[in-house]
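Residue numbers (our numbering): -7 to 344.
Structure, rendered in structure tokens:
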């Protein structure tokens, strides 16, 4: 079975207003200790059968050049030819010296948190780049042999309207990239936005933006293969497909989650505990019913659809077919294109 390897680097040079991931402000001494603990955790597993590596965060590119190369050296022993190997980065600290290391250590895909090209909205999000910086970074990545590039885009931001989103989409599709991930703003507790009581846009506005994104990106040659993800042909995220196909993956690092040997697990979000070697804080041993639950919950995010054998779920899916929310082709069930926006509602009808 294909497995993935996810490695979390929690350090950031600053905290973005919306971010709810496990994160720590960069300190050189903490990073040095963290890399030692990370290598120790990696060595505690018999890592095999992996087809993708993904280094996320946080901000992996917040590390200094020596630390960044040390990270790539640690991970390099798990790389095999033909594997998808992605690293995340932020525009403001993904300099040319770091880019040059990517090809050397077999990284072949990069994901960049752009979020918007509107300079005022970037300030609101506490992002430290501007749109010209994005152009420069993409050009440098291609110059140094990274041609599989994802850009993240957040929409339904405070004060953002449809015309502003249209400008973002026009810019992002003008760039020589292969993949776009789009997410509506979610205001979570214990974030800067949450503490300031920033309100999410109303559902009608979000739906209008979501539908426009789908139609516009389709016209530009980006296929929506998952609720929030669009790619050029054959450039789907191989690593994320492992998640959505309910396949196993190693989760390494602070706050990482994993799925191995019928167990879903979470690592601690406490840096102190992680550096002490106290990694896992939660484990869920899956029953057959649990596996079916995850198969449906994750698989229906994909436009390729899923096969379902459980008679109870089949009955519910057939009811949703009658309502026009689900369709069945070649023995696979999928949410209809027009109804992916209400996926959570549909899942509730199936699994609750």
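Built from N, CA and C at the ideal position, the CB exists for glycine as well.
Judged by DSSP in its simplified three-state form, residue 274 adopts strand. Nearest to residue 141 by alpha-carbon distance, out of 267, 94, 250 and 298, is 94.
The residue among 41, 284, 199 and 215 with its C-alpha nearest the C-alpha of residue 334 is 199. Three or more Cβ pairs closer than 8 Å define a contact, and the segment 133 to 148 meets that threshold against the segment 169 to 180. Between residue 241 and residue -2, the C-beta gap is smaller than 8 Å, which places the two residues in contact. Separation of residue -5 and residue 272 (C-alpha to C-alpha, rounded to the nearest whole angstrom) is 19 Å. One thing to note: residue 52 has its Cβ no nearer than 8 Å to the Cβ of residue 31. In the three-state reduction of the DSSP assignment, residue 319 falls in the strand class. Residue state for residue 251 is assigned as strand, using DSSP reduced to three classes.
Between residue 76 and residue 100 the beta-carbon gap is near 7 Å, inside 8 Å, which marks them as a contact. For residue 215, the three-state secondary structure derived from DSSP is strand. Closest in C-alpha terms to residue 280, from the list 274, 301 and 261, comes 301. Inter-residue distance for residue 259 and residue 314 is about 42 Å (C-alpha atoms, whole angstroms). Distances from the CA of residue 254 to each of 276, 214 and 316 were compared; the closest alpha carbon is that of 276. A straight line joining the alpha-carbon of residue 167 with that of residue 311 spans about 43 Å.
Within the model, the alpha-carbon separation for residue 225 versus residue 43 is close to 19 Å. Listed in chain order, the beta strand (DSSP E) elements of length 3 or more contained wholly in the segment 166 to 192 are 171 to 176. For residue 263, there is no enclosing beta strand (DSSP E); the residue is part of the alpha helix (DSSP H) that begins and ends at 263 to 267. Contact annotation: the segment 130 to 139 does not touch the segment 22 to 36, with fewer than three C-beta pairs closer than 8 Å.
Rounded to whole angstroms, the separation of the alpha carbons of residue 215 and residue 339 is 23 Å. DSSP places residue 313 inside the alpha helix (DSSP H), whose first and last residues are 303 to 314. In this structure the segment 289 to 300 does not lie against the segment 182 to 191, because fewer than three pairs of beta carbons, one per stretch, are closer than 8 Å.
DSSP places residue 124 in the uninterrupted alpha helix (DSSP H) bounded by 123 to 135. In this structure, residue 83 sits near residue 126, with a CB-CB distance shorter than 8 Å. Boundaries of the alpha helix (DSSP H) harbouring residue 232: 230 to 236, taken from the DSSP string. For residue 13, the three-state secondary structure derived from DSSP is coil. Counting only runs of 3+ residues, the beta strand (DSSP E) found wholly inside the segment 27 to 106 occupies 42 to 49 and 76 to 81, in chain order.
Shown here, residue 243 sits in a strand according to DSSP, grouped into three states. Around the CB of residue 50, 16 or more other CB atoms lie within 10 Å, so the residue is classed as buried.
For residue 120, no alpha helix (DSSP H) segment is defined, and its DSSP state is neither H nor E. Here DSSP, grouped into helix, strand and coil, assigns residue 324 to strand. Secondary structure of residue 19 (DSSP, three-state): coil.
Judged by their CB atoms, residue 22 and residue 263 are nearer to each other than the 8 Å cut-off.
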